[in-house]
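K.L.:
So the protein lines, in turn, are chains S and Z. Note that this note's numbering numbers the first sequence so that position 63 is 63, with each residue one more than the last. Note that this note's numbering numbers the second sequence so that position 110 is 110, with each residue one more than the last. Note that CB positions come from ideal geometry on N, CA and C, so glycine has one too. Note that the coordinates shown come from a computational prediction; the quantities given were computed from them, not determined experimentally.
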Amino acid sequence: MLNGLFDPATVFIYLPRLLSKLPVTLLIVVTATLLGAAGGMLLALVRLFRTPVLNQAAVVYISFMRGTPIVVQLFLVFYGVPWLLDHVGIDINRWDKLFFVILTYTLNTAAFKAEVFRAALQSVPSGQAEAAYAVGLTRLQCFRRIIAPQALLIALPSLGTGLAALLQDTSLAYTLGIIDVMGQVHAIASGTNRMLEGYVGAAIIFLTLSVALEKGFGRIEANLLIKRHH
Amino acid sequence: MIEIRDIHKTFGHNLVLKGVDLKVDKGEVVVIVGPSGSGKTTLLRCINFLERADAGEISIGDTHVAFRQATARQVSTIRKQTAMVFQNYNLFNNMTALGNVMEGLVTARKVPKKEAEAVSRAVLDQVGLADKCDAYPSQLSGGQQQRVGIARALALNPEVILFDEPTSALDPELVGEVLSVMKAVARKHITMVVVTHEMSFALEIASRVIFMDGGVVVEEGAPQEIFLRPKEERTRQFLRRILPETDYTI
Ligand SMILES: Nc1ncnc2c1ncn2[C@@H]1O[C@H](COP(=O)(O)OP(=O)(O)O)[C@@H](O)[C@H]1O
Ligand SMILES: [Mg+2]
């Protein structure tokens, strides 16, 4: 047994064990970000074009995802989705827990990104789209060449914030028994009765990643802005 | 040549165009004047299919199309033969002046990049902006932005260029540079339909002036006739409002 409540040296003993689970955390973050961005863009377009029925469904979906805690969503997806699919004769009860965790974070990210994308797309003056049509661009060409690049630049800061928030949010995946960085903290804590060192180790990892993300996004934005001289 | 017959357009319960005819010969410069809300912008937008007219037909060159029934392919054919210069310039903010002018050629018309760039540099030179090719819209004055807008239209070599109040968003001291570019364009016998209240431009350049009010053409004729000897009372009223000095000559 080690002495005292907190032993700094132990942090460094735990750190490699925590880092060994970092790939799991990153897998959740990266997959949910990419799939969530695609889903968010679809939702944003449904909202912008006021697609009948789908638009109302999107509104309800987005408020639900933004208005309920991620822990609630994790459990609803983990128990609810297999239950729903069971009714149509599909059995996914034995699928890996990680699948449900990634699905939850993807669904959650999509809802947040939908609003970011919608606001960003709306903020590009509509006159530019008209000018694009007038010179002969199709709707898709106009979106790809004129609207999307400008919207992306506007959305960039929010996307950075969202990514940092998602990273923090993954700290709840352990509630379903996933051994990611936080899962490892809990595993160590229950095996050794030492709590604080694991949490401090996790704090170091999360903080380092967050700062790196912030710096990275800042740099991308600065590069784009310089190129465009706003 | 461009001919529009009996164009109608309604927004909700608001009858905006109530059967307008417009015929413009090759090389003609037609100026449209009229009070705010009389349907001038809507007319130009319908010609370019930015707005879908409810009834009427359009012929440009060899293309004849009924507005209401026009297919996507016909719309694109008409758009290829028309170009638009907007009141608020509407430049693509994510592209340089050169990029703005090249976009229609490269992306829509699939002109090879090298060729498109040569054409675009030439028209930017024509509007006096050879040294601003690499500038983004945010680095240009309003007058320069509008000249890029005109270059963007010229590059497409359309049958007709539609101008919607091209100088009305500009600071007064920048109006001159845009008007002189437009005059130079007119001298090249490019067909132009211009909504503007710049009398100097109309008197000097226009082949014909059309006065619109309440969604119809009230009167049309040579600039001197419309401005100095208008036949219709509505035209006189309108001119009294925009040219206060005519008050004193009556
Ligand atoms: N997209 C639109 N939706 C509804 N009403 C419109 C729209 N565009 C123009 N209008 C109406 O059509 C009428 C004519 O407008 P406009 O063509 O812009 O006139 P002008 O250019 O002569 O000032 C106005 O009453 C205006 O409110
Ligand atoms: Mg107008």
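Helix, strand or coil: how does DSSP classify residue 9 (chain Z) here?
P.N.:
Three-state result, residue 9 (chain Z): strand.
K.L.:
For the region 1–78 of chain Z, which segments carrying the alpha helix (DSSP H) assignment without a break, of at least 4 residues, lie completely within its bounds, in sequence order?
P.N.:
40–47
K.L.:
Is there at least one non-hydrogen atom of ligand 2 closer than 7 Å to the beta-carbon of residue 196 (chain Z)?
P.N.:
no
K.L.:
Have a look at the DSSP bridge pairing and note the partners of residue 115 (chain S).
P.N.:
Paired residue(s): none; residue 115 (chain S) is not in a bridge.
K.L.:
Where does residue 164 (chain S) fall in DSSP's three states?
P.N.:
helix
K.L.:
Quick one: is residue 169 (chain Z) near chain S, going by C-beta distance under 8 Å?
P.N.:
Closer than 8 Å: no.
K.L.:
Check the C-beta distance from residue 44 (chain Z) over to residue 84 (chain Z) and give it rounded, since I have them as a contact under 8 Å.
P.N.:
7 Å
K.L.:
I'd like to know whether the C-beta atoms of residue 58 (chain S) and residue 46 (chain S) end up nearer to each other than 8 Å.
P.N.:
yes
K.L.:
Only counting the same chain, and skipping five residues up and downstream in sequence, which positions put a Cβ closer than 8 Å to that of residue 264 (chain Z)?
P.N.:
With chain Z represented from 1 up to 250, any question about residue 264 (chain Z) goes unanswered, as that position is not in the structure.
K.L.:
Name the residues in the region 13–46 of chain Z whose C-beta lies less than 7 Å from a C-beta of chain S; which are they?
P.N.:
Across the region 13–46 of chain Z, no CB contact with chain S closer than 7 Å is found for any residue.
K.L.:
Return helix, strand or coil for residue 251 (chain Z), following the three-state DSSP convention.
P.N.:
The question about residue 251 (chain Z) has no answer, for chain Z in this structure spans 1 to 250.
K.L.:
Determine, for residue 131 (chain S), whether the minimum Cβ-Cβ distance to residues of chain Z falls below 8 Å.
P.N.:
Yes, its Cβ sits closer than 8 Å to a Cβ of chain Z.
K.L.:
In chain S, which residues lie less than 7 Å from residue 129 (chain Z) when you measure between Cβ atoms?
P.N.:
Near residue 129 (chain Z) there are no residues of chain S at all, since even the closest Cβ is about 16 Å away, more than 7 Å.
K.L.:
Who are the neighbours of residue 107 (chain Z) on chain S, taking C-beta pairs under 7 Å?
P.N.:
For residue 107 (chain Z), the neighbours in chain S by C-beta distance under 7 Å run, in chain order, 137, 141, 145.
K.L.:
Could you tell me the distance, in whole angstroms, from the CA atom of residue 22 (chain Z) to the CA atom of residue 4 (chain Z)?
P.N.:
5 Å
K.L.:
Run down chain S in chain order and give the residues with a C-beta less than 7 Å from the C-beta of residue 142 (chain Z).
P.N.:
Within 7 Å Cβ-Cβ: nothing; residue 142 (chain Z) doesn't reach chain S, min ~14 Å.
K.L.:
Residue 120 (chain Z): buried (16+ other C-beta within 10 angstroms of its C-beta) or exposed?
P.N.:
buried
K.L.:
Return the residue from the list S:194, S:206, S:95 that minimises the CA-CA distance to residue 4 (chain S).
P.N.:
Of the listed residues, the one whose Cα sits closest to residue 4 (chain S) is S:194.
K.L.:
Please state whether DSSP places residue 221 (chain Z) in a helix, a strand or coil.
P.N.:
Residue 221 (chain Z) falls in the strand class under three-state DSSP.
K.L.:
Among all residues, which have a Cβ less than 5 Å from at least one non-hydrogen atom of ligand 1, and in what chain order do they fall?
P.N.:
Z:11, Z:16, Z:36, Z:37, Z:38, Z:39, Z:40, Z:41, Z:42
K.L.:
Locate the beta strand (DSSP E) running through residue 212 (chain Z), then write down its first and last residues.
P.N.:
208–213
K.L.:
Report the neighbours of residue 157 (chain S) on chain A: residues whose CB is nearer than 8 Å to its CB, in chain order.
P.N.:
Protein chains in the displayed structure are S and Z, and chain A is not among them.
K.L.:
Measuring straight from C-alpha to C-alpha, what distance separates residue 248 (chain Z) and residue 134 (chain S)?
P.N.:
In this predicted model, residue 248 (chain Z) has a pLDDT of only 45, less than 50, meaning its place in the structure is not dependable enough to derive any value.
K.L.:
Between the C-alpha atoms of residue 171 (chain S) and residue 74 (chain S), what's the straight-line distance to the nearest angstrom?
P.N.:
12 Å
K.L.:
Could you tell me the alpha carbon to alpha carbon distance between residue 252 (chain Z) and residue 151 (chain Z), rounded to whole angstroms?
P.N.:
Any question about residue 252 (chain Z) goes unanswered here, given that chain Z covers just 1 to 250.
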